[in-house]
Structures are given as structure tokens and as C-alpha cells.
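Since the structure comes first, as C-alpha cells, the remarks are kept for the end.
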Amino acid sequence: MKKYLRSILLAAPVVGGLAFVSFRQDDRLFEIARNLDIYATLFKELNAYYVDEINPNQLIKTSIDNMLRSLDPYTVYYAEDDIEDYMTMTTGKYNGIGAMVNSADGKHTVMMVYEDTPAQKAGLQLGDEITKINDIDLSTREDFDTGKLLKGQTQTAVKLTVKRYGITKPLEITLNRDIVKVTNVPYYGMLNEDVGYIDLKDFTATASREVRNAFQELKGKGMKSVVLDLRDNPGGLLNMAIEISNIFIPKGEEVVSTKGKVSEWNKTYTAYNPALDTEIPVVVLTNNRSASAAEIVSGVIQDYDRGVLIGQRTYGKGLVQTTRDLSFNTKMKITTAKYYIPSGRCIQAIDYSHRNDDGSVGKIPDSLMTEFKTRNGRVVFDGGGILPDIITEKENFSPLAVSLGRNRLFFDYAVKYHFEHPTIKSAKEFQLTDADYAAFTKWLGDKEYDYTTQVERDLKDLEASAKKEKSLEVIEDQLKALKSKLSHSKDNDLQIFKPEIKKILEEEIIKHYYLEKGMREASFNEDPEVKAALALFKDPARYSQILKKK
1 MKKYLRSILL AAPVVGGLAF VSFRQDDRLF EIARNLDIYA TLFKELNAYY
51 VDEINPNQLI KTSIDNMLRS LDPYTVYYAE DDIEDYMTMT TGKYNGIGAM
101 VNSADGKHTV MMVYEDTPAQ KAGLQLGDEI TKINDIDLST REDFDTGKLL
151 KGQTQTAVKL TVKRYGITKP LEITLNRDIV KVTNVPYYGM LNEDVGYIDL
201 KDFTATASRE VRNAFQELKG KGMKSVVLDL RDNPGGLLNM AIEISNIFIP
251 KGEEVVSTKG KVSEWNKTYT AYNPALDTEI PVVVLTNNRS ASAAEIVSGV
301 IQDYDRGVLI GQRTYGKGLV QTTRDLSFNT KMKITTAKYY IPSGRCIQAI
351 DYSHRNDDGS VGKIPDSLMT EFKTRNGRVV FDGGGILPDI ITEKENFSPL
401 AVSLGRNRLF FDYAVKYHFE HPTIKSAKEF QLTDADYAAF TKWLGDKEYD
451 YTTQVERDLK DLEASAKKEK SLEVIEDQLK ALKSKLSHSK DNDLQIFKPE
501 IKKILEEEII KHYYLEKGMR EASFNEDPEV KAALALFKDP ARYSQILKKK
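Numbering (this note's numbering), first residue to last: 1 to 550.
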């Protein structure tokens, strides 16, 4: 009898717990239904009585976007009109002409033409201003996406009317739309006789094949070391990160594991193919815009001590998104899990909603970080992206350079230069002369651009502090004298920052002749991370020492 009573007493909390869970679940479903009913009623009233006509699709999308934004930055809704953009993001393909067009101030300017696309084959040039698409006058259209008019079914024709610098009469260019492949590896080649370089900019469905092909081709050219550039890579498909990691680590090794609220998302992914090369020295370049899948590959290389990371701390996105199909051909990309790299660490930034202006997570307090170890026993940490083994300073541009870029003056001058110089030397050889630079500074004479130097900002802050503390009168004369002495002169700054301005202008001009590949080649000589990688490969003892337990 006592045993029976004890069984009842032990079982009662369980039964009660089940009832409580059931109640909470029913309560939750009721709350969802109640709030959906309130939302539907509100929307009907708004549609019926709001003073102006409303666009139901636009208003609903705005409300959905804001709801999801309150959760995290990566849970996103795709309306039916946006599905093509979603497919481009995942497959790297779309039907169009292969040009990037910027719409600003009523003008629609071609900013980039991609290689082997209808745009390049038809002779579209950087700087061309599109005024009509299929006789639709763009000057009469507001708040629309030029890209949607340029995209269309394969082999359908689209007629562009463009204004080109130096040519008075508008040009008419007819193109046949085609499948445009956005390349994951826009450039690869040899930095010198021994060192190969692969620039990986995305993780769409063909990323692994592109990296493998580039790697094997470079090996055939005598590559003995490789630089894998993951800077500015926002990530993409998880399986591509696994396959690219597998190029360098053996079959069967763990690449990444995921853990979420739903048990089906708790998985461990291993390398499932033989590696291409487990011995070749590897350097991976990262910066604060290397995110997600790029961080998985970086973390795998670091956790297995398979190579050396050079650059700046990565973005810190340790979240996995899954796409769910919704009604009426819409989709939602929803955060379902966190991912963990082989050492066991999750690189998700502690607080993804608060970042520096440049997107970085800044300094993470030691108390919020946990220590982990690589295969060789090196200490690494979680909680704020991946910290490289060799840290380089992020390139900071002068206020003058930023202003010239923001006002598109580098681009506009390159358009002019391209018209006046039909050919230039190769991307690796081209350099502006002092006379060329003087011509550029003269051209800037009547152009609108201004900027505030850091010293001028500091003086302004000092003046504001003095006003607040009622001490401005004491230092007012000295402040005026300093302002007068330190006020920037555009002409002087163009000479002080000549090396920087000249380098940017050279790369911009090269882009107009040799497109993306040429611009990349032109940057190698001044690229601090590439220079650091080459120096490291010249010092094998240092390379080995970095990967040993400290």
C-alpha cells in the first residue's frame, strides 16, 4: 500500500507537468490566434478609413520586415517579387545583361560590366548613362528598380538608349538577355613563381567547384603555397563551407556542428571527400566583413592548425538560417540554430544588434569570452568573430579620399580618362605620371566636394565642451587661431595625400579597361595582408612556429 501511494505521489507531478505543458501550449496557440485576428481587423479598418489610398502589399511587407527585424538581422521575408533576388543569392545566377547600374539623382549609371556577359559583348561601358529601356523614358519613372527592367527571360531582347561621355548623340544598344553567372571566385592567379592566390567572394552553389578548379590549375602552374582571400565575403551556403574546408582537411574530420531549438537542426557535419592537399602551406585573409560561411572556413583552418590567418577579426555571425516556403510563392529565411566549429567555439558576436560603425564587434570583454584550444593546443576564444593569428591594421582612408569617393569623382575622372586614352599598359604595369596627377587635381578645381579632418572635428568637440562648462571665453581667441591655422586646404591636402589618392585613382582607371580582374591585380603591390602573407611564406620557420602550441 505504501509502495502504491509512493508511486502515485511520484507520478502526480509528472501528470501535472504534462497538463501544465498542454495548458501552456494551448494558451500560446490562443494568443497567436487572438493577435492575428486583431491584426486582420486593424488592417481592414485601416484600408477602409485611412485618409489616403494604401498599397496592401507594400504595407504588409513593411510590417513583416519590422517584426522580423526585432528578432535578428538575418531572419528575412521574401515577397513573390523578391524571389528572383533570393535565387540569385543562393545559386549565383540570374537572367539579365550582366551590368551593375547605380540609380541616383535621376541618373542611371553603369558602374560595372561583368566579363563574358551580354553587356560586355554588346560594348556597354562603365560610365554609360541609361536614359531609356525598351523606349521607356527613365526620367519619367520614379521609385522603381532599374534592375527589374533589365532582367528577363533568356534570349529576349532589351534595347538601351545611353549617353556616353564624349559622344553627343545618344547610342542605342540592343542586347539579348542570358543567364548571368555571378562568379564566386572573381580572380585567381600566381602572386609570384611559388605563391598562388584565390579570391573567394561568395558561397553560392558553385563555390566549391570554382575553388577546386582554381586550386588545381594553380598547382599545375607550380604553386607551392596558397593565399585564400575571404575578405569582404558575407558567406552563403553551409554545404559550400563544408566542401571548401574539405579541400584542405582529410575525409572524416568534423567541420561544423549546429544546435537549435528543434532537434532536427542538431547535426554534425564532417568532410566527406578525400582532401585535395593536406600539406601545402595556407594563409587565409580575413577582415570585419568576413562572415558566416567565410568564418566557418577560417575557423576550420585555424582550429586544425592547417594554416595561418592574417588580417582583422571577422564579423561574428555564428547563426544558421533555413529557408521555409510560405504561401503564394513567398519564402522566409529563418534563424534556426547556432553553429560551432571543431574546437567547440561559437563565433557569434555576444550582441549582434550593437556594432561599430564599420560593422565590427569591437573589443569583447574577457569575462564574456571562453577559452578553447586548437588541435595543436593553441588557445583561441569564442564570442566575437575569429581573431587572426597575425593582426594587421585596417586600412583607413583620409577624409579627402573618402569625400572624393563619395562624390564619385574618382569614377567620373576615370570615365573621362578612358575616353581620352583608348589603351593603357597592363593592369600590373599601369601607373599615372606626375603630369597625369596634376591634370586630375586641375580637373577637380570646379567640382563640389568637402570634408572635415579629424583635427577639425576634435576642435569642434573642444568648443562644444568649453561652451557646456562655461569656459569658452577663456580659450575663444586660441580656438580661433587654431581653426585658422588648421583649416584644411584642398590644394595642400591633394599634395599631402598624393600617394593615397594616386593609388585609388590608378585602380579606378584600370577597372574601366580591365574590369574586376584588372583592379584586383593592380592592388597587390600595396595590399598589406597580401604583403604579410608573402613575407610569411618566405619564412617557413616562422610559419611553423605560429602553428605550434605556445
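Note that beta-carbon positions come from the ideal geometry of N, C-alpha and C, so glycine has one too. Because the structure is a prediction, the values reported are computed rather than measured.
Query raised in the report: Between the C-alpha atoms of Tyr50 and Leu42, what's the straight-line distance to the nearest angstrom?
Result: What you label residue 50 is simply residue 50 of the sequence shown in a count that begins at 1. What you label residue 42 is simply residue 42 of the sequence shown in a count that begins at 1. Between Tyr50 and Leu42, the C-alpha separation is close to 11 Å.
Query raised in the report: Do you know how far the Cα of Asp65 is from the Cα of Gly311?
Result: The residue labelled residue 311 in the question sits at position 311 within the sequence shown. The residue labelled residue 65 in the question sits at position 65 within the sequence shown. About 34 Å.
Query - Span of the beta strand (DSSP E) around Asn57 - result: One-based indexing of the sequence shown puts residue 57 at position 57. Following the DSSP letters along the chain, one finds Asn57 in no beta strand (DSSP E) but inside the alpha helix (DSSP H) bounded by residues Pro56 to Arg69.
Query - Cβ neighbour criterion (16 or more within 10 Å) applied to Asn287 - result: Position 287 of the sequence shown, counted from the start, is the residue given in the question as residue 287. That one is buried.
Report task. Taking Gly235 as the reference, give the member of Leu171, Leu200 and Arg209 with the closest Cα. Result -> Within the sequence shown, the letter at position 235 stands for residue 235. Just measuring C-alpha positions, the residue of Leu171, Leu200 and Arg209 sitting nearest Gly235 is Leu200.
Query raised in the report: Which of the three DSSP states, helix, strand or coil, is assigned to His622?
Result: As displayed, the chain neither begins before 1 nor continues past 550, which places residue 622 out of reach and without an answer.
Query raised in the report: Does the beta-carbon distance from Ala337 to Ala293 come in below 8 Å?
Result: On the sequence shown, position 337 is the one that residue 337 refers to. On the sequence shown, position 293 is the one that residue 293 refers to. Cβ atoms of Ala337 and Ala293: not closer than 8 Å.
Requested in this report: Count the CB pairs spanning the region 450-467 and the region 397-404 that are closer than 8 Å, and state whether there are at least three.
Outcome: The answer is yes - the region 397-404 touches the region 450-467, with three or more Cβ pairs under 8 Å.
Requested in this report: Run the CB neighbour count on Arg34, radius 10 Å, all protein chains shown included, and call it buried at 16 or more, exposed below.
Outcome: Locating residue 34 in the sequence shown gives position 34, counting from the first residue. The residue is exposed, with fewer than 16 neighbouring Cβ atoms inside 10 Å.
Query raised in the report: Among Asn176, Glu295, Pro170 and Gly260, which has the Cα closest to the Cα of Asp232?
Result: Within the sequence shown, the letter at position 232 stands for residue 232. The option with the nearest alpha carbon to Asp232 is Glu295.
Query - Selected residue, minimal CA-CA separation from Ser74, among Ile334, Asp382 and Ala535 - result: Taking the sequence shown and counting its residues from 1, one reaches residue 74 at position 74. The identity of residue 74 in the sequence shown is Tyr, whereas the question assumes Ser. If we check each option's Cα against that of Tyr74, Ile334 comes out closest.
**Report entry** Start and end residues, beta strand (DSSP E) containing Thr314
**Finding:** Within the sequence shown, residue 314 is the residue found at index 314, counting from 1. Careful: Thr314 lies outside any beta strand (DSSP E) and carries neither H nor E.
Requested in this report: From the DSSP output, read off the bridge partner residues of Asp116.
Outcome: Against the sequence shown, residue 116 aligns to sequence position 116. According to DSSP, which records beta bridges pairwise, Asp116 is partnered with nothing at all.
Report task. Quick one: grab the DSSP three-state call for Val21. Result -> In the sequence shown, counting from the first residue as 1, residue 21 sits at position 21. Annotation note: pLDDT 48 at Val21 (below 50); position unreliable, coordinate value reported separately. In this structure, Val21 counts as helix in the three-state DSSP scheme.
Report task. Alpha carbon to alpha carbon, how far is Leu409 from Lys159? Give it in angstroms, no decimals. Result -> For the purposes of this step, residue 159 is identified with residue 159 of the sequence shown, where counting begins at 1. For the purposes of this step, residue 409 is identified with residue 409 of the sequence shown, where counting begins at 1. Using only the alpha carbons, I get a separation of about 29 Å.
Query raised in the report: Nearest CA to the CA of Tyr272: which residue from Lys251, Val284 and Gly260?
Result: In the sequence shown, the residue the question calls residue 272 occupies position 272. It is Lys251 whose Cα lies nearest to the Cα of Tyr272.
Query raised in the report: Once you ignore the five residues that flank Phe524 on each side, which residues in its own chain have a CB closer than 6 Å to its CB?
Result: As a working mapping, residue 524 is identified with position 524 in the sequence shown. So the list reads Val530, once near-sequence residues are dropped.
Query - Length-filtered (4 minimum) alpha helix (DSSP H) runs lying within the region 259-323 - result: 293-303
Query raised in the report: With burial defined as no fewer than 16 other Cβ atoms inside 10 Å of the residue's Cβ, what is the status of Gln125: buried or exposed?
Result: For the purposes of this step, residue 125 is taken as the residue at position 125 of the sequence shown. The residue is buried, with at least 16 neighbouring Cβ atoms inside 10 Å.
Report task. May I ask which residues mark the beginning and end of the beta strand (DSSP E) holding Ala337? Result -> Position 337 of the sequence shown, counting from 1, holds the residue named residue 337. Residues Lys331 to Tyr340.
Query raised in the report: Since Ile386 contacts Arg313 with CB under 8 Å, what's their CB separation in whole angstroms?
Result: Indexing the sequence shown from 1 puts residue 386 at position 386. Indexing the sequence shown from 1 puts residue 313 at position 313. Confirmed, about 7 Å.
Query raised in the report: Quick one: does Thr322 have its CB under 8 Å from some CB of chain B?
Result: The question asks about chain B, but that chain is absent: this structure has only one protein chain.
Query raised in the report: Which first and last residues belong to the alpha helix (DSSP H) in which Ser213 is found?
Result: Translated into positions along the sequence shown, residue 213 becomes position 213. Contrary to the premise, residue 213 reads as Asn rather than Ser in this sequence. Start and end: Ala207 to Gly220.
Query - Residues bridged to Thr109 [DSSP beta-bridge criterion] - result: Here residue 109 is taken as the residue at index 109 of the sequence shown, counted from 1. Thr109 is bridged to Asn102 and Glu129.
Report task. Indicate whether Gly127 and Thr109 have their beta-carbon atoms separated by less than 8 Å. Result -> As a first step, residue 127 is located in the sequence shown; it is residue number 127 there, counting from the start. As a first step, residue 109 is located in the sequence shown; it is residue number 109 there, counting from the start. Contact flag set, yes.
Query raised in the report: By DSSP, does Asp82 sit in helix, in strand, or in coil?
Result: Position 82 of the sequence shown holds residue 82. If DSSP states are grouped into helix, strand and coil, Asp82 belongs with the helices.
**Report entry** Which listed residue (Ala541, Lys549, Glu526 and Lys548) has its alpha carbon closest to that of Leu191
**Finding:** On the sequence shown, position 191 is the one that residue 191 refers to. Leu191 has its Cα closest to that of Glu526, out of Ala541, Lys549, Glu526 and Lys548.
**Report entry** Cutoff 6 Å; reference Tyr340; Cβ partners in own chain excluding five residues on either side
**Finding:** Numbered from its first residue, the sequence shown carries residue 340 at position 340. For Tyr340, where only same-chain residues beyond five positions count, the Cβ hits under 6 Å are Ser257 and Cys346.
**Report entry** CB-CB length for Phe537 against Ser290, believed under 8 Å
**Finding:** Translated into positions along the sequence shown, residue 537 becomes position 537. Translated into positions along the sequence shown, residue 290 becomes position 290. Not confirmed; about 21 Å, so no contact.
Query - Bounding residues of the alpha helix (DSSP H) (the contiguous stretch that carries Tyr74) - result: Position 74 of the sequence shown holds residue 74. Where Tyr74 is concerned, there is no enclosing alpha helix (DSSP H), given that its DSSP letter is neither H nor E.
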